[in-house]
Structures are given as structure tokens and as C-alpha cells.
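Undergrad: Residues in the sequence shown are numbered from 9 upward in steps of one, following our numbering.
Every residue, glycine too, gets a C-beta built ideally from N, C-alpha and C.
None of the values given here were measured: they were computed from a predicted structure.
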Amino acid sequence: MKIETKSQVAASMAPEPVVLLHPHDDVLVAIEQLVAGMRVGAGELAVRGLIPPGHKVAVRRLEAGAPVRRYGQIIGFAAKAIEAGEHVHGHNLEMGDFARDYAFGADARPAAASAGSAHFMGIVRPDGRVATRNYIGILTSVNCSATAAKAIADHFRRDIHPEALAAFPQVDGVVALTHGLGCAVDAHGEGLALLRRTLGGYARHPNFAAVLIVGLGCETNQIDGLVASERLQPGAQLRTLVIQESGGTARTVAAGIAQLQALLPQANQVRREPVSASHLTVGLQCGGSDGYSGITANPALGAAVDRLVANGGTAILSETPEIYGAEHLLTRRATSTAVGDKLIARIRWWEAYCTRMGADLNNNPSAGNKAGGLTTILEKSLGAVAKGGTSNLVEVYEYAQQVEQHGLVFMDTPGYDPVSATGQVAGGANLICFTTGRGSAYGCAPAPSLKLSTNTALWDRQRDDIDLNCGTIVDGSESIDEVGARLFQMMLDVASGSATKSELHGYGQNEFVPWQIGAIT
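#1: For P242, which of helix, strand or coil comes out of DSSP?
#2: For S15, name the three-state secondary structure that DSSP assigns.
#3: Check the DSSP bridge columns for I59 and list the partner residues they point to.
#4: Determine, for H30, whether the minimum Cβ-Cβ distance to residues of chain C falls below 9 Å.
#5: What does a CB cutoff of less than 7 Å around Y407 pick up in its chain, not counting 5 residues either side in sequence?
#6: Under the rule that 16 or more other beta-carbon atoms within 10 Å means buried, what is G366, buried or exposed?
#7: If you draw a straight line from the alpha carbon of R315 to that of M499, how long is it in whole angstroms?
#8: Considering only the alpha carbon of each residue, which of A174, F442, Q517 and R68 lies closest to A323?
#9: Considering only residues of the same chain and omitting the five flanking positions on each side of A172, which have a CB-CB separation below 8 Å?
#10: If distances are taken between C-alpha atoms only, which option among Y300, S284 and Q293 comes closest to A318?
#11: Buried or exposed for E24, going by 16 or more other Cβ atoms inside 10 Å?
#12: Express the C-alpha separation of C478 and P355 in angstroms, rounding to a whole number.
#13: If you compare alpha carbons, which of I352, S297 and E327 is closest to H336?
#14: State yes or no: is the C-beta of G381 within less than 9 Å of the C-beta of H63?
#15: Identify, in the order they occur along the chain, each residue of the same chain with its Cβ nearer than 7 Å to the Cβ of D109, setting aside the five sequence neighbours on each side.
#16: On a Cα-Cα basis, can you pick out the residue from I231, V250, V27 and V278 that is closest to V37?
#17: Run through DSSP, which three-state label would F520 get?
#18: If you compare alpha carbons, which of S344, K509 and S301 is closest to I488?
#19: Please state whether DSSP places K88 in a helix, a strand or coil.
#20: Can you give me the Cβ contacts of R469 inside the same chain, cut-off strictly under 8 Å, excluding the 5 residues immediately before and after it?
#21: So, do the stretch 250-266 and the stretch 198-213 have three or more beta carbon pairs nearer to each other than 8 Å?
#22: Rank S326, L416 and G423 by C-alpha distance to the C-alpha of G320 and give the top, closest one.
#23: When you compare the CB positions of G181 and A453, do they come within less than 9 Å of one another, or not?
#24: Name the two residues that bound the continuous alpha helix (DSSP H) containing F176.
#25: Between E486 and the rest of its own chain, which residues show a CB-CB distance below 6 Å, the 5 nearest in sequence each way excluded?
#26: For the candidate residues N276, K395, F128 and D298, whose alpha-carbon lies nearest to that of I331?
#27: Beta carbon of Y145, beta carbon of V219: below 9 Å?
#28: Taking only three categories from DSSP, how would you classify F128?
#29: Which stretch, first to last residue, makes up the beta strand (DSSP E) that contains Q269?
#30: Whose CA, out of P177, G225, Q269 and L271, lies closest to the CA of G256?
#31: Buried or exposed, going by whether 16 or more other CB atoms sit within 10 Å of the CB of K350?
#32: Can you grab the Cα-Cα spacing for the pair E519 / S457, in whole Å?
#33: Distance check for A434 and P134, CA to CA, integer angstroms please.
#34: With DSSP as the reference, label M9 as helix, strand or coil.
#35: Please determine, among V48, H32 and V76, the residue with the shortest C-alpha to C-alpha distance to T383.
#36: Where does E511 sit, in a helix, a strand or coil, going by DSSP?
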């Protein structure tokens, strides 16, 4: 059967309504609505029934129990016999166990010298760290101090009090990043340590010119303990307030406003200057994925990541439950067996974690993912890893750990986007790239977030929320590499100060969601 492959579709201005992603695949992906009787694949395959865009159609008859491949990889097993031309989805495709060849380092390439020619206009802090934004941040030690922190930040909101920051044009804003944790946890347990690591990462983040931490006073997560455990340095750029010591909410809010007013003049004394793209650390996210994610936006982001890494920059791939079943594609690119072992250790932790919680790693994809054409976590994961491009995997980090290696790294996080991105920013990400096929609403402070649509229909419907349409790949007007090149330039532009759509909408404060783990007592 002569069916167009992905590369042929990208080169054609009038592609067929289906695409074959790999010569060994058992399914085609519909790129427009298919109806019964329609003939596809150069007229050699008759469609059986209605198949929505982004969904799969069987290339050949598949017997019950047979493995089903997409991207040349197993995405599940036929739950019953599937006829050629039939819709392949949850009614006839199911999960199953199969061996993965981890082949540590088999596809790793010799380290190449950094190209080093790409630059952006960054903000260089006195200690040499480079920022893409210039905020003042308010963090909370516990949920009980969230209201006070938000009240302090509201005083400086440009949409409510435009005069508050009128004299400080170089300050991007004052943001309160609050959460629902900080008490009723084991004072020596993993949950509190993880929260402190997250807060410490934000307190040190270069996109904050200064940080105020607000606490209640009697919580488990005492500010002194947070400062000591994270080796933070209180001083002019890191200040603290405790409600019970300040005389209550109103006095704390007044004191916080006064402290931030004193910090603003210094925070305003920044200027952007040319810096190497090696100072860019990009967190990779996908949310509201669909059947196009692994065909368009994710591989285009991967092409941009390869350019970033070639210029000495860093990309953080995450969402461990959403690489499950595709982890062997990453271990093959690991620079050492030790790096590959770290990744598999995190996979095993998640398997044990789900068993303890009575959960299943295949509770993903979500309802929206399935409506968009994704059937199993294996299929979703194979598309998700494409965000990491083809670069070597140089290190694996736990949640919110400080990322120190340059290149493609992996951070262990849940698949829930706000929690995952929060860990990436705590680890040092100063930019987020977020692909979506269904139209996720997301933004991130203090790191700007670029949104990429997987299909043109979403772009047309929701372009006020989307920064780049990658649907041009499946439409046939651009190649993956062409979109990847445009995206890499957009990364540099946003890092230089260009506003993203989510920033224009004011997203970012409510999307700070540290990972809650361990018992709440």
C-alpha cells in the first residue's frame, strides 16, 4: 500500500486525508474527518464507519491480541479482531505488558562543541545568573498566609493600581505565588522536604529581583527552617514577614507593601544586554494533547530543542507518567548507564507509588486526550517524548532539584501540567514551551510560557491564547524543521522580553502548584 509518510505529507501542498507515521505502523492517522466508504491510501483502503480527525484507522486486519504499532512502536494490543479500514480506539485497543529494550546509550552521539552563535537580550544579575523577566515575588510558607500575600501583591497590580508601578517600568510586576500546603505534615518527611525544595528554587530564581516570604508563625514549615534547609541568604533581596509577629493581617499587609516599595527602586535598575543562548533553560510541557501532538507541535518543539542544545542551552523534559512506555527511547540516548538507570528508577518509583495508591499509570490519557484521538498512555508517551528532540539525555533530576547540566535533561514530575511546570521553574527554567491540541489555559510566573497549537482548527478558534500554530505541518505548508526554526527564534524573542499571550491575559500566579506528596495529618 503506497500511503504517504510524515515527511511526504509535509512536502505536499495537497496531502491525503491520512498520514502514515512509520513504514511498520498498523494504523494511519486521520487529518480530516473520514466517513464510511471513503478510499484512502492511494485508493487502496476503504474506510469503515466514521473516524474523527486525529483518530486512527487500521491499515490491515489485526487479530485479537496482536500488538498495534504507531511511530513504529507498540501503543497497545487489539482487544478483538480489527478489520482493515476500521476505527482503532478504546473500544478495540487495550494496554498490555511487553518487554522494552533499554539499550543504555545505544543511540547517544559524541558530544559536539556548542555552536554558540545564538543570543538573546537577557538581564544579568550581579552574581552572573541570567533572567528573562524581572519580577518581585511573594512566597508563602503555608496556606494560612496566602490571603495576606495576595493582598500585598494586589496593591501593585497595574490593572487596579496603575500608579503603584508607574515609576518602575523595568519591573514586570509583583506576583504572589501561594499554595495549599505547609502544615499538618511530618516535620522530617519527604512531603515537607519537597515543598521546601520548591520554595527554595523559586526564592533563588533569577527572574525574581527580590523575594518576600510571608508566614503565619505556628505552621510546620517554619520560615527559619525553610531558610536553613535551602541555604537561603536573608538580606536586602530576601525578606520575611510573620503574621503572628507583625500583629495580624492588616499590619502584615501594610508592612509587606512598605518593604516592596523599598525594594522597587533597586529592582528597576536593570537593563537588558546580549547574552548567549546557553543561559536559556526551557521547561517542556504538553497539555490537552490530541492525535496531532506527536505529529506536529511536539516534534517541532523537539527540533527547536535540538537547536537550543546545539547553542549550549538546556531543555527540561518532564511528566514521568507521560513518558511511561516510551522511556526506552530516552535510555537509548543516555550519555551513560548511570543516567539511564536514574530514569528507570523513577519509572519504578511511579509503578510502586501507583500500586500503593490503588491507581493505574494508564489512568492517563484524560477524557479530552481520548476525544482528540489518543487511546493509551503508550501512545500518548510516544508522542510526548518527541518534545525532547534527538539530543543526548545528559542527566535525570528529582522534582524541583536545581538543574546544573547543560543539554537535554529529565526531571521527575507528575503529568499534571501546573505541578510539573512548577517543579521545572523551581529547578531553574526561565522559559516554558507548552504544546496543546485541545486548548489548555496556562501561563507561568515568573517564567514566560509559549503556547503551541497542534492543529490549525485550534489556532483559528483560540488564537488569542496561542503563540504559534504548528498545524501548518499537517496542513502541508511547512516542515517540522521549518516550524522548529521559527519556534527557536520565538524562544529567543520571548527571552528578550516579548510578551506571550498568557502574559497578556495575566496568567501565572494561580498556576503555581507544588507537588503534594505524603500524608496530611
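TA: Let me lay it out:
#1: In the sequence shown, the residue the question calls residue 242 occupies position 234. Reduced to three states, the DSSP call for P242 is coil.
#2: Taking the sequence shown and counting its residues from 1, the one referred to as residue 15 is at position 7. Reliability of the predicted coordinates at S15 is poor, the pLDDT of 44 falling under 50, and the value obtained from them is presented with this limitation in mind. It is helical.
#3: The count along the sequence shown starts at 1 and reaches residue 59 at position 51. Answer is L42.
#4: Annotation note: the requested chain C is absent from the structure, which comprises a single protein chain.
#5: What you label residue 407 is simply residue 399 of the sequence shown in a count that begins at 1. Only L202, M419, D420, T421, G431 and W523 meet the Cβ criterion.
#6: As a first step, residue 366 must be located in the sequence shown, where it is residue number 358. Looking at its Cβ environment, which holds fewer than 16 other Cβ atoms inside 10 Å, G366 is exposed.
#7: The residue given as residue 315 occupies position 307 in the sequence shown. The residue given as residue 499 occupies position 491 in the sequence shown. Rounded to the nearest whole angstrom, the CA to CA distance from R315 to M499 is 11 Å.
#8: Taking the sequence shown and counting its residues from 1, one reaches residue 323 at position 315. Selected option, being the one with the closest Cα: F442.
#9: On the sequence shown, residue 172 is found 164 positions in, with the first residue counted as 1. Setting aside the 5 residues that flank it on each side, A172 is surrounded in the same chain by H163, F164, R165 and R166, each with a C-beta closer than 8 Å to its C-beta; the list follows chain order.
#10: In the sequence shown, the residue the question calls residue 318 occupies position 310. Nearest C-alpha to A318: S284.
#11: One-based indexing of the sequence shown puts residue 24 at position 16. E24 comes out buried.
#12: Taking the sequence shown and counting its residues from 1, the one referred to as residue 355 is at position 347. Taking the sequence shown and counting its residues from 1, the one referred to as residue 478 is at position 470. Residue identity differs from the one stated: residue 355 is Ile in this sequence, not Pro. Their Cα atoms are separated by approximately 30 Å.
#13: As a first step, residue 336 is located in the sequence shown; it is residue number 328 there, counting from the start. That would be I352, whose Cα lies nearest to the Cα of H336.
#14: Taking the sequence shown and counting its residues from 1, the one referred to as residue 381 is at position 373. Taking the sequence shown and counting its residues from 1, the one referred to as residue 63 is at position 55. Yes, the pair counts as a contact, with Cβ atoms nearer than the cut-off.
#15: In the sequence shown, the residue the question calls residue 109 occupies position 101. Counting only Cβ-Cβ distances below 7 Å, and skipping sequence neighbours, we find H336.
#16: Counting from one through the sequence shown, the residue named residue 37 turns up at place 29. Minimum Cα distance to V37 is reached at V27.
#17: As a working mapping, residue 520 is identified with position 512 in the sequence shown. The answer is coil: DSSP assigns F520 none of H, G, I, E or B.
#18: If you number the sequence shown from 1, residue 488 lands on position 480. I488 has its Cα closest to that of S301, out of S344, K509 and S301.
#19: As a first step, residue 88 must be located in the sequence shown, where it is residue number 80. In the structure shown, K88 sits in coil (DSSP, three-state: anything other than H, G, I, E or B).
#20: Locating residue 469 in the sequence shown gives position 461, where the first residue counts as 1. Correct list, in chain order: G447.
#21: no
#22: Taking the first residue of the sequence shown as 1, we reach residue 320 at position 312. Ranking the options by Cα distance to G320, first place goes to L416.
#23: Start at 1 with the first residue of the sequence shown, and residue 181 comes out as number 173. Start at 1 with the first residue of the sequence shown, and residue 453 comes out as number 445. Going by C-beta atoms, G181 is nearer than 9 Å to A453.
#24: Walking along the sequence shown from the start, residue 176 turns up at place 168. Where F176 is concerned, there is no enclosing alpha helix (DSSP H), given that its DSSP letter is neither H nor E.
#25: Here residue 486 is taken as the residue at index 478 of the sequence shown, counted from 1. Hits under 6 Å: T480.
#26: Here residue 331 is taken as the residue at index 323 of the sequence shown, counted from 1. Considering only alpha carbons, the answer is K395.
#27: Against the sequence shown, residue 145 aligns to sequence position 137. Against the sequence shown, residue 219 aligns to sequence position 211. The identity of residue 145 in the sequence shown is Gly, whereas the question assumes Tyr. For G145 and V219, yes; Cβs fall inside 9 Å.
#28: By one-based count along the sequence shown, residue 128 stands at place 120. In the structure shown, F128 sits in a strand (DSSP, three-state: E or B).
#29: Residue mapping note: residue 269 aligns to position 261 of the sequence shown, counting from 1. Per DSSP, Q269 belongs to no beta strand (DSSP E); it is in the alpha helix (DSSP H), T257 to A275.
#30: By 1-based counting over the sequence shown, the position of residue 256 is 248. Answer by Cα proximity: G225.
#31: The count along the sequence shown starts at 1 and reaches residue 350 at position 342. The residue is buried, with at least 16 neighbouring Cβ atoms inside 10 Å.
#32: Locating residue 519 in the sequence shown gives position 511, counting from the first residue. Locating residue 457 in the sequence shown gives position 449, counting from the first residue. In a straight line, the C-alpha of E519 is about 11 Å away from that of S457.
#33: As a working mapping, residue 134 is identified with position 126 in the sequence shown. As a working mapping, residue 434 is identified with position 426 in the sequence shown. Whole-angstrom Cα-Cα distance: 20 Å.
#34: The count along the sequence shown starts at 1 and reaches residue 9 at position 1. The predicted position of M9 is uncertain, since its pLDDT is 34 and thus under 50; a value taken from the coordinates is nonetheless stated next. The three-state secondary structure of M9, taken from DSSP, is coil.
#35: Here residue 383 refers to the residue found at position 375 when the sequence shown is read from its first residue. Nearest of V48, H32 and V76 to T383, Cα basis: V76.
#36: Looking up residue 511 in the sequence shown gives position 503. Reduced to three states, the DSSP call for E511 is helix.
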